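At position 159 of the sequence shown the residue is numbered 176 (our numbering), and the sequence of numbers has no breaks.
All remarks here apply to the structure that follows.
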Amino acid sequence: MEPSRVGLALKTVRNKEYLHLIDRSTSPRFDISPLWADPAAFNSLVSDIVEYFPPSSFDVIVALDALGFILGGALAAHAHKGLVPLRKAGKLPLASGQLISTTFTDYDGSIKSLQARKDLLPPGMRVLLVDEWIGTGAQVKHAAEALEAAGCALVGIACLYLYPDSEGAVDIARRYDVCSSWSIFWVNGIITVIAAGLLVYAVVFDRRQAEIASMHVIREDPIKLDRAFSDRM
């Protein structure tokens, strides 16, 4: 498996104007609806992801229920590829033996199952897995493992946002080739650099203050002054 390229697309994608359409005032996560509603912005987002994962690199898109259907459908149409939905359990009118299934504990503690038609994903099929958001990473992780267990070749994972402070999400970025169109990896990096710089400054400042205080004492004590001079010699 190739090393993860998570974040590399951000060199160009993260500065795109369409990202300002994401509603950051909502909780517990940001709302992407304003971006979906803007046709030019949506098209730019899709074009950026397809540039990262060229259509020649995969055979089909598997989109995760439910918001992954929006991004996955648009990507499939843009890349002229088929779309296989990975749906919530019980939605597909097929027997269990005809399905690729996975069951796991979701981010809210609930038990969740996802299923896709097995006949649409034969062994060796090159799959691009798509979801809107990777938070804890539980859903994407189990979906990826289910596809691989069925014999599919997972080319990579495309999403709008991968949460960098989640151990599960970062583990996915280590294991797979991930394109996150918008992330705060680079913000965290800048914050880390600034924090390190402030720490160094604080240490140097404290040492300087200690030296100044020491010199004040030395000036008042000729014996200490001679001793300090001797030490420097």
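All C-beta atoms in this analysis are idealised placements derived from N, C-alpha and C, irrespective of residue type, glycine included.
Since this is a predicted model, take the numbers as computed values, not measurements.
Q.
For Lys129 and Arg104, I'd like the C-alpha separation in whole angstroms.
A. One C-alpha to the other measures close to 11 angstroms.
What residue from Ser118, Arg46, Lys33, Ile66 has the CA that sits closest to Thr153's CA?
With distances taken between Cα atoms, Thr153 lies closest to Arg46.
**Report entry** Cβ shell of Gly185 (< 7 angstroms), same chain only, five flanking positions each side left out
**Finding:** These residues qualify, in order along the chain: Thr153, Gly154, Ala155, Lys158.
Point to revise | Backbone CA spacing between Gly99 and Asp76 [nearest angstrom] | key: Straight-line Cα distance between these residues: approximately 8 angstroms.
Close Cβ partners of Glu162 (< 8 angstroms) along its chain, the five nearest in sequence each way excluded = The residues are Thr119.
> Quick one, which of Leu179, Gly173, Pro181, Arg134 has its alpha-carbon nearest Asp194's?
Replying inline: Comparing Cα positions, the closest option is Gly173.
Subject >> CB contact flag (Val79, Val101, <8 angstroms) >> reply: Yes, they are a contact pair.
(message) Does Asp123 come out as helix, strand or coil in the three-state DSSP assignment?
(response) In the displayed model, Asp123 falls within coil according to three-state DSSP, outside both helix and strand.
* **Contact belief for Trp199 with Leu92 at Cβ below 8 angstroms, rounded distance in angstroms** => That pair is no contact at about 15 angstroms.
By the DSSP assignment, the alpha helix (DSSP H) with Ala170 in it spans what residues? Where Ala170 is concerned, there is no enclosing alpha helix (DSSP H), although the beta strand (DSSP E) it sits in stretches over 170 to 179.
For Ala133, the three-state DSSP class (helix, strand or coil)
In the structure shown, Ala133 sits in a strand (DSSP, three-state: E or B).
Note to self: What does the Cβ neighbour count give for Ala175, buried or exposed, with the cut at 16 atoms within 10 Å?
What the structure shows: Classification of Ala175: buried, given that the 10 Å Cβ count is 16 or more.
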